[in-house]
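Undergrad: Residue numbers (the numbering used here): 591 to 849.
No residue lacks a Cβ here, since even glycine has one placed at the ideal position from N, Cα and C.
On a predicted model such as this, the values are computed, not experimentally measured, just so you know.
1. What do you reckon, are the CB atoms on residue 658 and residue 619 nearer than 8 Å?
2. Could you please give the first and the last residue of the uninterrupted beta strand (DSSP E) stretch that includes residue 733?
3. Just grab the DSSP bridge partners of residue 636 for me.
4. Report back the beta-carbon spacing between residue 737 and residue 846 to the nearest angstrom; my notes put them in contact at under 8 Å.
5. Residue range of the beta strand (DSSP E) that residue 726 falls in?
6. Going by alpha carbons, who is nearest to residue 553 out of 642, 638 and 616?
7. Please classify residue 662 as buried or exposed, where buried requires at least 16 other C-beta atoms within 10 Å of its C-beta.
8. Do the stretch 666–673 and the stretch 805–812 make contact, defined as three or more Cβ pairs closer than 8 Å?
9. Per DSSP, residue 773 forms a beta bridge with which residues?
10. Would residue 768 and residue 704 be called neighbours here (beta carbons separated by less than 8 Å)?
11. How long is the line joining the alpha carbons of residue 748 and residue 654, rounded to whole angstroms?
12. Helix, strand or coil for residue 813 per DSSP?
13. Sorted by chain position, which residues of the same chain lie with C-beta nearer than 8 Å to residue 598's C-beta, five sequence neighbours on each side aside?
14. Cα separation between residue 758 and residue 803?
15. With a cut-off of 8 Å, do at least 3 Cβ pairs link the stretch 626–640 to the stretch 669–679?
16. Helix, strand or coil for residue 782 per DSSP?
17. Tell me which residues share the same chain as residue 853 and place their Cβ nearer than 7 Å to its Cβ, disregarding the 5 neighbours each side in the sequence.
18. How should residue 817 be labelled, buried or exposed, when 16 other C-beta atoms within 10 angstroms of its C-beta is the threshold for buried?
19. Here's the rule I'm using: 16 or more other beta-carbon atoms within 10 Å means buried, otherwise exposed. How should residue 848 be labelled?
20. At what residue ranges does the stretch 613–682 contain a whole run of the beta strand (DSSP E), taking only runs of 3 or more?
21. So, helix, strand or coil for residue 697, using DSSP?
22. What residue from 631, 692, 633 and 687 has the CA that sits closest to residue 673's CA?
23. How about residue 622 and residue 733: are their beta carbons less than 8 Å apart?
24. Report the three-state DSSP secondary structure of residue 602 (helix, strand or coil).
25. Between which two residues does the beta strand (DSSP E) holding residue 752 run?
26. Would you list the one or two residues that DSSP bridges to residue 684?
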């Protein structure tokens, strides 16, 4: 096997887990939904950028692989991964039990609590009682959709699904939604810091098993070789201080890993 693309720690791990059958890796294809700044978004020239993208690129650099980003709707990421459209999902995907039945996950990348965004004068809280009769929006395929359908819809809250987060915020601004539900930090670092978000606010984080906070990279079931490579690279980013540098660039002194 030609081993020039792999780091020594990774090679040691692969020898233990996959023996002589390890794949020769030259590139790593990440599936991403680039509509979730500051984690993943589209650049003016059609590329991708953000905290998650920088982490993915750093992982590729650590493994000495070419990083390729494949854009995909969020609710189609897992089916596309299982179909072989890309090698892994790096797209702010929360680790949940239903998802773990379909795919595997690496070690934690960071943590992200869920919250709702409302107008500052609305008085709305992130409960079914407070939101009864109101309309709340969310991005399809997210844990927030699962939570809304299980905990808010049965309580009389009107639910509206969207293909991407930008559409959610647009309808919130135009008054077609009373609230949106998404990752708290995503809202805080993008929409709420924009001119359109000046009249809106985040709620407190929602504490519920349906909206866990651990976010990781998704890989196909039983792909222990790739999962081992990614876990070794994630550890190396922490050990070398690269993770801290990327975190500082996007979030200042916020400890996103333990958020």
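TA: In short, the structure shows the following:
1. yes
2. Counting along the chain, residue 733 falls outside any beta strand (DSSP E), though it belongs to the alpha helix (DSSP H) covering 733–737.
3. Paired residue(s): none; residue 636 is not in a bridge.
4. About 21 Å separates the two Cβ atoms, so there is no contact after all.
5. 725–729
6. No answer is possible for residue 553: the residues shown for the chain start at 591 and end at 849.
7. Counting Cβ neighbours within 10 Å, residue 662 comes out buried, since at least 16 surround it.
8. yes
9. 704
10. Not closer than 8 Å, so no.
11. In this model, residue 748 and residue 654 are separated by some 48 Å (Cα to Cα).
12. Looking at residue 813 - three-state DSSP - the assignment turns out to be coil, as it is neither helix nor strand.
13. For residue 598, the predicted structure reports a pLDDT of 44, less than 50, and the residue's modelled location is therefore unreliable. The matter cannot be settled from this model.
14. 21 Å
15. no
16. Correct three-state label for residue 782: helix.
17. Here the chain has residues from 591 to 849 only, and residue 853 is not among them.
18. Residue 817 comes out buried.
19. exposed
20. Residue ranges of uninterrupted beta strand (DSSP E) with 3 or more members, entirely inside the stretch 613–682 and ordered along the chain, are 617–622, 630–632 and 656–661.
21. strand
22. 692
23. no
24. Since pLDDT at residue 602 reaches only 45, below the 50 mark, its modelled position is unreliable, and no value is offered.
25. First-last of the beta strand (DSSP E) with residue 752: 748–752.
26. 805
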